[in-house]
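270 is the number of the first residue of the sequence shown in the working numbering; add one for each residue after it. Beta carbons are placed, not taken as given, at the ideal position from N, Cα and C, and that holds for glycine. Below is one structure, written out as structure tokens; the observations come after it.
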Amino acid sequence: MPDYWIKISEIEHEDFNRHHYLVTAESESEAKKSALKFMERFIDDDDNPEKIENGYTFYNNEIIVRLDSIKETTKEKFKDFLLKLHTIDMT
270 MPDYWIKISE IEHEDFNRHH YLVTAESESE AKKSALKFME RFIDDDDNPE
320 KIENGYTFYN NEIIVRLDSI KETTKEKFKD FLLKLHTIDM T
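Next up, the structure:
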């Protein structure tokens with residue numbers, strides 16, 4: 270089964286955060302279903318998120334979580350990205 274790189278944006282007031290996840294699924298549409306199911310529980314304390322296009326809002330629209338993109342990738346490419354993102358190069 271192919272791997273898919275899922276990019277999710279989280280907006281709270283004026284703070285913007287991007288989250289990256291790897292999903293293994295049979296197709297891009299299955300990967301999207303998995304991502305949306307995960308996003309529905311993104312904020313544990315809100316038992317009643319509101320469904321919006323490609324995402325959810327939490328706490329009466331205080332937090333917006335939206336699926337930005339899905340693209341087929343490999344575990345190696347995803348690991349390389351995470352390593353670059355979380356490495357401090359002091360040279």
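Considering just the uninterrupted stretch of the beta strand (DSSP E) at residue i, what are its terminal residues?
i: residue 278; result: 272-281
i: residue 321; result: 319-321
i: residue 326; result: 324-327
Below 8 Å on the Cβ atoms is my contact criterion, and I expect residue i with residue j to pass it. Report the Cβ-Cβ distance as a whole number of Å.
i: residue 279; j: residue 331; result: The Cβ separation is near 11 Å, so there is no contact.
i: residue 334; j: residue 325; result: 5 Å
i: residue 290; j: residue 342; result: About 11 Å separates the two Cβ atoms, so there is no contact after all.
According to DSSP, is residue i part of a helix, a strand, or is it coil?
i: residue 297; result: helix
i: residue 309; result: helix
What residue range is occupied by the uninterrupted alpha helix (DSSP H) comprising residue i?
i: residue 349; result: 344-354
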